[in-house]
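**Student:** Below is one structure. I have some questions about it.
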Amino acid sequence: MFFKEPKDTKEFYWTRHIKEKMRYYGLGEGRLRRILKTPSRREEGIALNTIAVMQPAGVKKQTEIWLMYQLVGKKKKMISAWRYPGISPEGKSIPIPENIIEELRKDKVII
């Protein structure tokens, strides 16, 4: 499958980490923009000053697609995206898989 890498614009900045996750989970730029525009849920992200938004996905297997970003001036810095199997509990900390947290720390996106 061909993956079209998103380009930085005056509105968005895409980190290397999110580009890798988009490729891994088969997510496109349009899908992530749609989640950003009309999220089903919004939570505080695990990194300092970040926001995580989610939309449900899948009919047979219920999953959620999460997007974590940070507001930097007028730009949105897209940090990470992942699929969560099932339905995550509301109001609790966002269910980020441990391997993604480790990769974010390794890439120095979060501390």
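Mapping the sequence shown onto numbering that gives the first Met the number 0, position 94 (from 1) lands on 93, and the numbers just tick up by one. Note that beta-carbon positions come from the ideal geometry of N, C-alpha and C, so glycine has one too.
1) What residues match up with Y83 in a beta bridge as DSSP calls it?
2) Closest to Q69 by CA distance: which of W13, P38, G29 and Y83 is it?
3) Just to confirm before moving on: does the CB-CB distance between V52 and I34 stay below 8 Å?
4) Taking contact to mean 3 or more Cβ pairs, one atom from each stretch, closer than 8 Å, check whether the segment 73–86 and the segment 17–29 are in contact.
5) Comparing C-alpha positions only, which one of I64, H16, I100 and K3 sits nearest to P38?
**Tutor:** Looking at the coordinates:
1) In the sequence shown, counting from the first residue as 1, residue 83 sits at position 84. Note: Y83 is bridge-paired with E63 in the DSSP secondary-structure output.
2) Mapped onto the sequence shown, residue 69 falls at position 70. Answer by Cα proximity: W13.
3) Here residue 52 is taken as the residue at index 53 of the sequence shown, counted from 1. Here residue 34 is taken as the residue at index 35 of the sequence shown, counted from 1. Going by beta carbons, V52 and I34 fall inside the 8 Å limit.
4) Yes, they touch.
5) In the sequence shown, the residue the question calls residue 38 occupies position 39. Ranked by Cα distance from P38, the options I64, H16, I100 and K3 are led by I64.
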